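Enquirer: Sharing a structure below in C-alpha cells format, with a few things to ask.
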Amino acid sequence: MEIIPAIDLREGRVVRLVQGDFDRETIFDRDPEIVARRWMDAGARRIHVVDLDAARGASRDNRSILSRLARIPGACLQVGGGVRSLDRARELIDLGVDRIVFGTLAVREPQTVAEAARLWSERVIVGIDARDGHVATDGWIATSSTLALDLARRLVSDGVRRLFYTDIARDGALDGPNIAAVAELVRQVPVPVIASGGVTGLEDLDRLGATGVEGVIVGRALYEGRFELADALARAATV
C-alpha cells in the first residue's frame, strides 16, 4: 500500500482545511517546494497536490509552483483542483505532472473525462468527494444528487482506471477514516482505489489496508506530527 503525502496550495502557501471549509484554514508552510522535498527525503514516491485556488476559480496562477515541484528529482506528482478541461490537463502534463485528478468535470462533463481516460490512460484519476454518500462538486461547495457509488461504476465503464475517494466530513478533521464507505467502494469497482480523509494514526493505515485500497493520502496528521512519514511508509509496507 502506498502512502501519499498531500500538499494543498492556496495563495502560494501550504495549507490544510477542515472539511473543505476555507474559513477553517491552517497555514503550515510558505514554501511548497521545501515541504515536497521534505516528504521525498523521508521516502515518499508520490505527492498529492491540490490547487485550492484553481478549485475555487481564483485568478491566482500556481503553474510556476507546480513546475518547480515536478522538477524535484524522483518526484511523481498527482495534481487536482480546477481541472475542468482537456486543455488544462494537457497544460499540467506539459509541466511534468504524472497524474491528473479530475473531480467536478466527471459529474458535469463525463464524456470529457472519458476522452481524457482514452488519451492518457493510467495518468488519469477521478477524485470522488462524498458528502453523506453524494458527490460534492465545485471545490466541495455544492452537493449533487449523484451517489458516489453510481458515479464510480459509471467512470469505470467509461474507461477510468483509478479512483480516489474522500469523505468530506473526515477530511482534515482527524476523526478517523470512513472505513465502511471505502471498503464498499473497493468492493464495487474493479480498479485501484486510493483513500483520503481522516487518517489520525498508524492504526488507521492498518484498517484502510485491510479494505484493499492501493494507497492512502495523508495530510494534517503528518503536518501536526501525529506520526512520522517514515513510520507510515514502514507500516504500509507490511499491509
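So for the sequence shown, numbering that gives the first Met the number 0 puts the first residue at 0; every next one is plus one.
Every residue gets a Cβ at the ideal spot worked out from N, C-alpha and C, and that includes glycine.
Keep in mind the model is a prediction, meaning the values are calculated, not measured.
Do V49 and L65 come within 8 Å of each other at the CB atom, strictly closer than that value?
Expert: Sequence index remark: in the sequence shown, residue 65 carries index 66 (1-based). Sequence index remark: in the sequence shown, residue 49 carries index 50 (1-based). Not a contact, by the Cβ cut-off of 8 Å.
Enquirer: Please state whether the Cβ-Cβ distance between G80 and A53 is less than 8 Å.
Expert: In the sequence shown, residue 80 corresponds to position 81, counting from 1. In the sequence shown, residue 53 corresponds to position 54, counting from 1. Yes, these two residues count as a Cβ contact at 8 Å.
Enquirer: Can you grab the Cα-Cα spacing for the pair D60 / L207, in whole Å?
Expert: The residue given as residue 60 occupies position 61 in the sequence shown. The residue given as residue 207 occupies position 208 in the sequence shown. Those two C-alpha atoms are separated by around 35 Å.
Enquirer: Taking C-beta to C-beta, are V82 and S143 nearer than 8 Å?
Expert: Against the sequence shown, residue 82 aligns to sequence position 83. Against the sequence shown, residue 143 aligns to sequence position 144. No, the pair does not count as a contact, with Cβ atoms beyond the cut-off.
Enquirer: On the premise that A135 lies in contact with A180, defined as a C-beta separation below 8 Å, what is that separation, rounded to the nearest angstrom?
Expert: As a first step, residue 180 must be located in the sequence shown, where it is residue number 181. As a first step, residue 135 must be located in the sequence shown, where it is residue number 136. That pair is no contact at about 14 Å.
Enquirer: On the DSSP bridge assignment, give the partners of I6 in chain order.
Expert: In the sequence shown, residue 6 corresponds to position 7, counting from 1. BP columns for I6 point to V48.
Enquirer: Between L16 and I26, what straight-line distance do the alpha-carbon atoms span, to the nearest angstrom?
Expert: Within the sequence shown, residue 16 is the residue found at index 17, counting from 1. Within the sequence shown, residue 26 is the residue found at index 27, counting from 1. The straight-line gap from Cα to Cα measures roughly 9 Å.
Enquirer: Taking the alpha-carbon positions, what's the I167 to G196 distance?
Expert: Your numbering for residue 167 matches position 168 in the sequence shown. Your numbering for residue 196 matches position 197 in the sequence shown. One C-alpha to the other measures close to 7 Å.
Enquirer: For L148 and G132, what's the separation of their Cα atoms in angstroms?
Expert: Here residue 148 corresponds to residue number 149 of the sequence shown, with the count starting at 1. Here residue 132 corresponds to residue number 133 of the sequence shown, with the count starting at 1. Distance between the alpha carbons of L148 and G132 is about 8 Å.
Enquirer: Kindly indicate the opening and closing residues of the alpha helix (DSSP H) around T103.
Expert: Residue mapping note: residue 103 aligns to position 104 of the sequence shown, counting from 1. Its alpha helix (DSSP H) spans residues 103–107.
Enquirer: Leaving out the 5 sequence neighbours to the left and right, which residues in its chain are closer than 7 Å to G158 when beta-carbon positions are compared?
Expert: Within the sequence shown, the letter at position 159 stands for residue 158. Taken in chain order, the residues that qualify are A113, A116, R117.
Enquirer: Throw me the rounded Cβ distance for the I2 and A235 pair, which I believe falls under 8 Å.
Expert: If you number the sequence shown from 1, residue 2 lands on position 3. If you number the sequence shown from 1, residue 235 lands on position 236. With a Cβ gap of about 5 Å, I2 and A235 count as contacting.
Enquirer: Considering only their Cβ atoms, is the gap separating L232 from L221 smaller than 8 Å?
Expert: Along the sequence shown, read from residue 1 onward, the residue named residue 221 stands at position 222. Along the sequence shown, read from residue 1 onward, the residue named residue 232 stands at position 233. Not a contact, by the Cβ cut-off of 8 Å.
Enquirer: Can you list the alpha helix (DSSP H) stretches of 4 or more residues lying completely in the region 55–123, in chain order?
Expert: Entirely contained in the region 55–123, the alpha helix (DSSP H) runs reaching 4 residues are, in chain order, 62–69, 85–94, 103–107, 109–119.
Enquirer: Which residues in the same chain have their Cβ closer than 6 Å to the Cβ of R12, if we skip the five residues on either side of it in sequence?
Expert: Start at 1 with the first residue of the sequence shown, and residue 12 comes out as number 13. Within the same chain, R12 has close Cβ partners I26, R29.
Enquirer: Helix, strand or coil for A129? Go by DSSP, reduced to three states.
Expert: Your numbering for residue 129 matches position 130 in the sequence shown. The answer is strand: DSSP assigns A129 an E or B state.
Enquirer: Determine the closest residue to E24 out of A209, G56, D7, with distance taken between C-alpha atoms.
Expert: Residue 24 sits at position 25 when you count from the first residue of the sequence shown. Comparing Cα-Cα distances from E24 to each of A209, G56, D7, the minimum goes to D7.
Enquirer: Can you tell me whether DSSP reads I167 as helix, strand or coil?
Expert: For this step, residue 167 is matched to residue 168 along the sequence shown. Of the three classes helix, strand and coil, the one that applies to I167 here is coil, per DSSP.
Enquirer: Can P188 and R152 be called in contact, C-beta distance under 8 Å?
Expert: Within the sequence shown, the letter at position 189 stands for residue 188. Within the sequence shown, the letter at position 153 stands for residue 152. For the record, residue 188 in the displayed sequence is Val; it is not Pro. In this structure, R152 lies closer than 8 Å to V188 by Cβ.
Enquirer: Could you tell me the distance, in whole angstroms, from the CA atom of G214 to the CA atom of E32?
Expert: In the sequence shown, counting from the first residue as 1, residue 214 sits at position 215. In the sequence shown, counting from the first residue as 1, residue 32 sits at position 33. Spanning the two alpha carbons is a distance of roughly 23 Å.
Enquirer: Find out if the Cβ-Cβ distance for the pair L76, L85 is shorter than 8 Å.
Expert: Reading the sequence shown from its first residue, position 77 is the one you call residue 76. Reading the sequence shown from its first residue, position 86 is the one you call residue 85. Cβ distance not < 8 Å, so L76 and L85 don't count as in contact.
Enquirer: Write down the C-beta distance between A35 and I71 rounded to the nearest angstrom, noting that I regard them as a contact closer than 8 Å.
Expert: Position 36 of the sequence shown, counted from the start, is the residue given in the question as residue 35. Position 72 of the sequence shown, counted from the start, is the residue given in the question as residue 71. About 6 Å; that satisfies the 8 Å criterion.
Enquirer: Helix, strand or coil: which one does DSSP assign to D203?
Expert: For the purposes of this step, residue 203 is taken as residue 204 along the sequence shown, with counting starting at 1. If DSSP states are grouped into helix, strand and coil, D203 belongs with the helices.
Enquirer: Taking the alpha carbon of D205 as the point to measure from, which residue in E90, V78, I178 has its own alpha carbon closest?
Expert: Residue mapping note: residue 205 aligns to position 206 of the sequence shown, counting from 1. The candidate whose alpha carbon is nearest that of D205 is I178.
Enquirer: Am I right that R160 and E121 are in contact with their C-beta atoms under 8 Å? What's the rounded C-beta distance?
Expert: For the purposes of this step, residue 160 is taken as residue 161 along the sequence shown, with counting starting at 1. For the purposes of this step, residue 121 is taken as residue 122 along the sequence shown, with counting starting at 1. The Cβ separation is near 6 Å, so the contact holds.
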